[in-house]
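**Student:** Using this note's numbering, the first residue of the sequence shown is number 1045, and each one after it goes up by one. We put the beta carbon where it would ideally sit given N, CA and C, even for glycine. In this text, all values refer to a predicted model and were calculated from it rather than measured experimentally. Okay, here's the structure, questions in a sec.
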Amino acid sequence: IMRTAPSNRHGQRLRKRYGRLRSHLFTFLDYPEVGADNNGSERELRPTATYRKVTGGFRSKWGADFFAAVRSIIGTAARRGIDAYQAIKMVVQGNSVLAPT
C-alpha cells in the first residue's frame, strides 16, 4: 500500500496517516492479548447508542455525563467480574472499582 502513489488528496492523506501510524497498525501480531479489530470497543458503546436512539438523547449535559459515568463503572466492573450493583455501591462508598480485590 505504501508503495502505491495516490492519485487524489484522500489517498495522499491516508498514505501519510499510515506512514505515521505504521508501527502501531499490526501491534496484535506481537501481542496476542491485543485484538486485531475494535469489536470490543464497538460492543462497549452499543448500549449507549441504543439508549440514545430509544430515548431521543439526553435533555441535559448532567444527564449525559451521569449516564456515561455509570456505564463506565458497570463496564469496568463487568470486565473485573464484579456485580453491577456491588460496583455502584463501592463507588458511592468512596472505593474504586479498579482497586485490587
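Does DSSP classify Thr1048 as helix, strand or coil?
**Tutor:** Reduced to three states, the DSSP call for Thr1048 is coil.
**Student:** By the DSSP assignment, the alpha helix (DSSP H) with Asn1139 in it spans what residues?
**Tutor:** First-last for Asn1139: undefined, no H or E at that position.
**Student:** Please state if the CB of Val1141 and the CB of Arg1115 are separated by a distance shorter than 9 Å.
**Tutor:** Result no, Cβ atoms of Arg1115 and Val1141 do not sit closer than 9 Å.
**Student:** Measuring only the C-alpha atoms, how far is Asn1082 from Val1098?
**Tutor:** In a straight line, the C-alpha of Asn1082 is about 24 Å away from that of Val1098.
**Student:** Please report the distance separating the alpha-carbon of Asn1139 from that of Ala1108.
**Tutor:** Using only the alpha carbons, I get a separation of about 23 Å.
**Student:** Are the CB atoms of Ala1121 and Ala1131 within a distance shorter than 9 Å?
**Tutor:** Yes, they are a contact pair.
**Student:** Name the two residues that bound the continuous alpha helix (DSSP H) containing Gly1079.
**Tutor:** Run containing Gly1079: none; DSSP gives neither H nor E here.
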